[in-house]
Every structure is written in C-alpha cells, then in structure tokens.
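Quick notes on the structure that follows.
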Amino acid sequence: MTIALQLSGVKKSFGNTEIIRGVDLAIPQGERHAIIGPNGAGKSTLFNLVSGRFPVSAGSVRLNGEEIAGLKPFQINRKGLSRSFQITNIFHNLSVFENLRCAVLWSLGYKYSFWHRLEALRDARARAEEVMESIGLAPRRARPAGLLTYAEQRALEIGITIAGGAGVILLDEPTAGMSRSETDHVVALVRRVTEGKTLVMVEHDMGVVFGLADKISVLVYGEVLATGTPEEIRANAAVREAYLGKEAGHA
Amino acid sequence: MRYQPLNLGRWILWGGMALLMAVLPLVFTQGFAISLLSQMGIAIIFTLSYNMLLGQSGMLSFGHAVYSGLGAYIAVHVLNMASKGQLWMPVSLLPLVGGLAGAFFGVLFGYVTTKRAGTTFAMITLGIGELVFSCSLMFPEFFGGEGGITTNRVFGKPFLGLSFGPAIQVYYLIALWCLASMALMFAWAHTPLGRIANAVRDNPERAEFVGYDTQKVRWLTLIISAFFAGIAGALGCINFEIVTAENVSAVRSGGVLLAAFIGGVGFFFGPIVGACLFVYFVVALSDHTKAWLLYLGLFFMLMVMFAPGGIASLVMMQLPVIARGRFKELLPHYGRTGAAGLLLLAAVVLTVEMTYKISVDSANGTVMKLLGVEFDAAGAGPWALAGALWLVGGGLFYGGWRRLAHAWGEIQADIAGAGT
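What follows is the structure in structure tokens.
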C-alpha cells in the first residue's frame with residue numbers, strides 16, 4: 096500500500112497561538128479520506144499547510160514520499176496535489192471554458208508559452224471540454240464565471256481543482272451552503288471525478304462524510320483525536336463525546 | 002466564443018484597419034495631419050503595450066514611460082552611430098533596437114517591480130520612474146541633459162528610394178510597425194501566457210494553485226510589454242529626431258494611463274481609441290486653446306465617473322441592443338441628450354475661455370474670438386449667454402438623461418427577461 100500523503104508532527108502557530116498541534120496522518124493512494132471536527136479545530140488551516148498556502152511551523156509533509164513542506168503552492172501543484180477552497184476561488188471575469196482551460200495549461204506542458212495559439216491547442220480544449228462536461232457546466236460554456244449561480248460556481252471550483260489531473264485532491268467543504276438536492280448532486284460529482292484518485296476532504300455535512308469517505312479523521316483543537324472507518328468513528332466514544340454528541344442521531 | 006478556423010470577420014476588421022491607415026494620409030495631406038497621424042500610430046503601440054499590463058494582467062503601472070523612453074534613448078544613440086558610419090543600422094529596423102532595449106530594461110526593472118502585485122507594484126513603478134528620470138539629469142552624456150539628444154534620420158543613400166526625409170515616408174514606416182505591433186499584441190492575448198495573465202489579474206492566488214508562478218507571469222508579461230513600449234519609443238525618436246528627459250518622465254507615464262483608461266482597458270480596441278483621442282487632445286487641441294489640459298482633465302474625470310469602462314465599454318454596451326433591433330428606440334434619446342450635451346459643452350468652453358482670457362491673457366485686452374465670433378470677455382453679455390447656456394443645457398440634459406436611462410432600463414429588462 097503506497098502512501099500518497101503523509102503528515103508527521105505537523106505544527107502551525109500564529110503568534111503564540113498554536114492552531115495545529117502535531118498532526119500525524121497517512122493517507123494511502125486511492126483512499127477517500129474525510130477530515131471532520133468542530134468549528135475552529137484547524138481543518139482549513141491543515142489544508143492550507145498541506146497545499147503550501149501557509150508555511151508549516153514544524154513537521155513534515157510528504158507527497159508520494161517526497162517532502163513538500165516549505166514549497167510554494169505552484170510547486171506543490173506541479174507535483175500532483177490540487178485543492179479547492181471553502182470560499183469560492185475562481186477567475187471571475189473569464190468564461191467557464193477559459194477557467195477550465197487555464198487550469199489544464201500547465202499540466203499539458205504549455206507553461207508560459209507565448210508562441211502557441213490557444214485555439215490551436217486541441218488537447219487543452221479537449222481536456223477543458225471533458226471537465227466542463229463532467230461537472231455539468233457545458234451549457235454555461237461562455238458565461239463569465241462571476242455570473243454563475245452559487246451552486247454552479249462550486250461545481251466550477253471542483254472542476255478547476257481536478258482539471259490538471261492531480262493524483263491527490265483536497266476539497267475544502269465542497270457542499271458548504273448548499274441545499275439537500277444540490278448536495279446530493281455534488282456528492283455524485285465528487286465520487287465521479289475522484290475515481291482512482293486520492294481524495295482528502297473537509298466536510299461538515301455528516302451525510303456526505305459517511306456516504307463518501309473510506310476513512311475519517313477527527314480533528315479537535317489541532318490534534319487528530321481518532322482515525323478509522325466510518326463504523327469505527329461512529330462507535331468511538333471519545334469522538335461521540337467531543338464532536339458527534341449532538342449530531343450522532345442525525346448521522 | 003465559437004471556434005472559427007477561418008475567422009472572416011477578424012480578417013475584414015484587420016484588413017479595413019490596414020486600408021484605413023494606408024488611405025488616411027492620402028485624404029488628409031496637410032503636414033499637420035500627417036504629423037498627427039504619425040503620433041497617433043506611435044501612441045497606439047505605446048498604449049496597447051501599457052494595456053497588456055493594466056487591462057490584461059491587472060498591473061497598474063505609473064512608470065511605463067521608462068521603457069519607451071529608454072528604448073528611445075538607446076535608439077537615438079544607435080541612430081547617431083549609424084549616421085557616423087560606426088555601425089550598420091537601417092532606419093526602418095531601428096524600432097527593433099528600441100524594442101530590444103525596452104525589453105532589456107523590462108528584464109532589469111521588471112524583476113524588481115513584479116515581485117509584488119497591486120498597490121505595491123504601482124508604488125515601485127512610481128519609484129523606478131522617478132529614479133530613471135533623476136538619472137536623466139545626472140548623466141548628461143547619455144541623456145543629453147535638458148536639451149536632450151538630437152539626431153538626423155536621413156543619412157547614407159536612399160534604400161529602395163526611401164530616405165525617410167519626407168514626413169509621409171516616416172508615417173508609413175510608423176503605420177507598418179503599428180500594424181505589426183497591434184497584430185502581435187492581439188496574438189499575445191490569445192496565447193497560454195496571455196490567458197494566464199488574465200487569470201492572474203482575476204485571482205492570483207488561484208493561479209498559483211493551478212501550477213503558475215504569478216510573479217513569473219507578471220515578469221514575462223512586463224518584459225513583452227516593455228518590448229513594444231520600446232518600439233514606440235524608437236519610432237518617436239525617428240519621428241521627432243530628438244529624445245529628451247520628457248520621454249522618461251512621469252508626465253508621459255501618466256499620459257499613457259489616461260489614454261488607456263479613456264479608451265477602455267477591458268477590450269483590446271479600447272486603448273487604440275484612447276490613444277487617438279489622447280493625441281488629438283494633446284496635439285490638436287493644444288493648438289487651439291491654452292486650456293487644453295483642463296479639458297483633458299475634465300474629460301478624464303467624467304469618463305472615470307460615468308463610464309469607468311471607457312469608450313470601448315460604451316460601444317460594446319450597444320451591441321446587444323443593436324442585435325435585438327432596438328437601437329432605433331434609443332436613437333431619439335441619444336440625439337436629444339447629445340444635443341443638450343453640446344449646449345453644456347458650449348457653456349463649459351465659453352466659461353473656461355473667457356476666464357482664461359481675463360485671468361491669464363488680459364494684458365492683450367479682453368477682446369477675444371471664439372468660433373469666428375469676436376466679443377469682449379469683460380462684457381456682461383457673453384457671461385449672461387454662458388449662464389443661459391448652463392441653465393438651458395443643464396436642464397435639457399438632465400431631462401434627456403432621465404428619459405434615456407428609463408428607455409435603456411426597459412430594454413435591458415426585456416433583454417434579461419428574454420435571456421432566461
């Protein structure tokens with residue numbers, strides 16, 4: 096079993112406040128791993144550390160065995176890790192199609208080219224159209240991303256994240272702020288587009304977590320309280336006490 | 002955006018542009034017109050290169066004249082050396098020298114300025130601009146001090162009958178370079194780097210998370226932009242046969258910002274319109290009135306307040322209305338509001354010109370001439386007329402504007418309703 100993403104002793108402090116207090120995680124290739132925990136537990140911060148948005152204060156992050164702590168976001172992305180954001184982070188003035196095409200250019204090796212004509216790059220167009228199709232935004236092809244509905248923007252957010260073909264996908268609350276039917280739609284979408292990939296997901300909706308994840312880690316006050324299968328987590332007394340207490344019935 | 006292998010409309014547009022540039026000097030043959038057209042061609046290149054930064058990549062630069070100016074200085078020295086026979090350089094290829102010089106300084110200064118985006122970038126460009134301008138006074142051997150560096154573009158034997166002595170030959174040289182630069186800059190906007198520059202403008206953070214080093218995107222874009230700015234600088238050197246410190250000054254940097262903004266930074270053709278208008282203001286209007294700068298400032302202010310997308314956005318707003326065949330409903334409103342606007346403009350001009358006459362130019366008496374009519378600026382009559390123009394024009398404009406806004410709103414609502 097190859098480990099796709101391994102965190103050992105990862106710590107992060109802002110000033111004197113330690114937000115992440117030594118996290119160890121090993122996520123095997125192809126696993127769908129959910130990170131849950133109460134508000135302020137440091138879930139998003141953990142994502143920011145892994146994806147290079149913030150530097151870690153201590154510890155190591157390995158992607159497919161290679162140390163990535165201390166690298167810039169674009170360097171980490173090039174090594175095959177891609178992430179989405181809790182607050183929609185898209186290219187607002189560009190069309191849906193252009194958003195996706197921008198997201199595939201680097202992975203197809205076009206880098207900073209100013210000697211290729213975009214329209215002549217069939218592979219970039221084909222890949223962008225394929226992703227557009229799979230996230231269900233083909234009918235919105237030419238619409239500026241800023242004018243999409245919230246649910247459509249969230250789908251585009253996921254599309255941009257997976258378009259480059261990264262092997263490890265980090266999704267930060269993909270269903271935040273969505274209705275029941277929209278959530279079901281996103282769950283199906285995530286399941287489809289992360290087929291054969293390693294998925295790490297922060298999520299609040301327990302229905303989504305227990306329906307989608309192979310393994311779950313519970314993060315409380317910057318520490319991993321427990322890691323296990325959904326059944327193990329459901330049965331874990333410490334978790335029930337710390338976090339699921341109120342929501343156990345719902346889940 | 003449909004995929005069109007053979008984009009006929011685009012060919013017609015570019016062909017028409019080339020034809021227009023070829024024919025214009027045959028229609029307007031006076032020396033003044035040729036000079037105006039030449040300056041417009043140079044300004045188009047310069048403003049488009051500026052908009053690669055501002056409109057396409059979201060970099061607000063206050064020091065773009067550094068690249069055109071230093072390009073011009075290098076070009077003027079190379080031209081002088083060529084005319085002394087120290088090196089071989091045909092005048093027609095001199096813009097390439099300017100361009101490469103611009104790009105060189107783009108590599109140098111751009112490395113510093115593009116470290117950061119946004120306000121920090123703007124501040125650093127301002128600093129670099131001041132730095133280079135102060136250098137122009139510190140190193141008179143290179144910059145020529147206050148007098149600048151003069152040159153003579155005519156040397157050696159005419160090549161293919163071209164000596165570049167007559168202004169018309171220079172115009173066509175500028176037109177050719179202008180056309181080529183426009184085409185190349187348009188092409189750049191449709192390359193991977195061009196599109197990623199748009200992405201960096203919209204959301205630099207997200208661009209980093211799809212694999213792009215935003216700093217490098219900005220730097221490369223700035224170098225290419227500086228290349229075209231340098232071409233404009235060298236063409237200016239050929240056209241005027243002098244390069245002074247004004248070429249690298251903040252005034253020049255501010256001017257190109259004004260031109261780009263007036264034309265509209267959101268569309269490729271915006272800066273072209275802006276450059277032509279700006280040159281018209283600077284060159285033609287300054288011949289007619291001392292208050293031209295005031296008119297330019299006023300115009301800029303109005304544009305920023307009421308049409309922040311520039312003239313290009315005003316034009317593009319009409320397209321969906323025209324496409325639905327409802328433009329004719331707006332025409333009478335445009336006519337009425339436009340006529341009222343002209344009255345207001347007359348009021349502004351009369352007031353400004355009389356004020357100038359009395360406060361600045363009263364030593365020569367207060368009798369002045371406007372549109373062929375002679376009158377005394379100190380008299381009560383003209384002032385009463387100006388007041389009346391303000392009142393009547395303002396009232397009519399207000400009414401016309403409200404009805405126009407109403408009609409516009411209705412059409413927009415219909416369009417939006419039909420769209421969903």
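Sequences listed follow chains A and Y, in order. Position 133, counted from 1, in the first sequence is what this note's numbering calls 228; the numbers after and before it change by one each time, with no gaps. Position 398, counted from 1, in the second sequence is what this note's numbering calls 399; the numbers after and before it change by one each time, with no gaps. Cβ coordinates follow ideal geometry from the N, Cα and C atoms, glycine included.
In the structure shown, the three-state DSSP call for Gly-175/A is coil. Gly-103/Y: member of the alpha helix (DSSP H) spanning 95 to 114, first to last residue. For Leu-189/A, a Cβ of chain Y is located within less than 8 Å of the residue's own Cβ.
Within its own chain, the residues whose Cβ lies closer than 6 Å to the Cβ of Ile-243/Y, once the five positions on either side in sequence are excluded, are Gly-149, Thr-151, listed in chain order.
Counting every other CB atom within 10 Å of its CB across the protein chains shown gives Ser-182/Y a total of 16 or more, marking it as buried. Val-118/A sits in a strand when the DSSP states are folded into three classes. Residue pairing of Ile-131/A in beta bridges, as defined by DSSP: Val-313/A. Within the region 226 to 280 of chain A, the alpha helix (DSSP H) runs of at least 4 residues that lie entirely inside it are, in chain order, 245 to 258. Apart from the 5 residues on each side of it in sequence, Asp-300/A sits with its Cβ closer than 8 Å to the Cβ of Thr-270, Thr-278 in its chain, given in chain order. Listed in chain order, the positions of the region 190 to 214 of chain Y with a beta carbon within less than 8 Å of a beta carbon of chain A are His-191, Thr-192, Pro-193, Leu-194, Gly-195, Arg-196, Ile-197, Asn-199, Ala-200, Arg-202, Asp-203, Asn-204, Glu-206, Arg-207, Ala-208, Glu-209, Phe-210, Val-211, Gly-212, Tyr-213, Asp-214. Among the residues of the region 217 to 228 of chain Y, those with a Cβ less than 7 Å away from any Cβ of chain A are Lys-217, Val-218, Leu-221, Ile-225, in the order of the chain. Closest option to Gly-135/A, judged by alpha-carbon separation, among Val-313/A, Thr-324/A, Ala-330/A: Val-313/A.
Your pair Leu-295/Y and Leu-351/Y does not check out as a contact, with CB atoms roughly 14 Å apart and the cut at 8 Å. A check of alpha carbon separations from Pro-234/A across Gly-104/A, Ser-179/A, Gly-302/A, Ser-190/A identifies Ser-190/A as the nearest. Judged by DSSP in its simplified three-state form, Ala-379/Y adopts coil rather than helix or strand. For the region 225 to 258 of chain A, the beta-carbon criterion of a distance under 7 Å to any beta-carbon of chain Y is satisfied by Ala-237, Ile-255. Annotation: the continuous alpha helix (DSSP H) that includes Glu-193/A extends over 191 to 200.
Around the CB of Gly-388/Y, fewer than 16 other CB atoms lie within 10 Å, so the residue is classed as exposed.
Setting aside the 5 residues that flank it on each side, Lys-116/Y is surrounded in the same chain by Gln-216, each with a C-beta closer than 7 Å to its C-beta; the list follows chain order. Between the region 303 to 310 of chain A and the region 280 to 294 of chain A there are three or more inter-stretch CB-CB distances shorter than 8 Å, so the stretches are counted as touching. Within the region 164 to 179 of chain A, the residues whose Cβ lies closer than 8 Å to some Cβ of chain Y are Lys-167, Pro-168, Phe-169, Asn-172, Arg-173, Ser-177, Arg-178, listed in chain order. A Cβ-Cβ separation of about 4 Å places Gly-275/Y in contact with Ala-260/Y under the 8 Å criterion. Straight-line spacing of the CA atoms in Arg-249/A and Asn-199/Y works out to 21 Å. Within 7 Å of the CB of Leu-200/A, the CB atoms of chain Y belong to Pro-193, Ile-197, in sequence order along the chain.
In the DSSP annotation of this structure, the continuous segment of the beta strand (DSSP E) that includes Gln-101/A starts and ends at 98 to 109. Interface with chain Y (8 Å Cβ-Cβ cutoff): Asn-184/A is included. With 16 or more other CB atoms across the displayed protein chains lying within 10 angstroms of its CB, Thr-289/A is buried.
In the DSSP assignment, Gly-275/Y falls within the alpha helix (DSSP H) that extends over 271 to 280. Within 10 angstroms of the beta-carbon of Ile-175/Y lie 16 or more other beta-carbons, which makes it buried. Listed as beta-bridge partners of Phe-160/Y by DSSP are Leu-163/Y. A distance below 6 Å between beta-carbons, with the five flanking residues on each side excluded, links Ala-83/Y to the following residues of its chain, in chain order: Met-90. Residue burial is scored here from C-beta neighbours: Val-171/Y has at least 16 other C-beta atoms within 10 angstroms and is therefore classed as buried. Interface annotation, Arg-335/A: not in contact with chain Y, CB-CB separation never under 8 Å. Using a Cβ distance threshold of 8 Å, Gln-170/A and Asp-267/A do not count as a contacting pair.
Residue nearest to Phe-269/Y within the set Arg-325/Y, Asn-204/Y, Gly-339/Y, His-191/Y is His-191/Y (criterion: CA-CA distance). Counting only the Cα atoms, Leu-251/A lies some 38 Å from Leu-405/Y.
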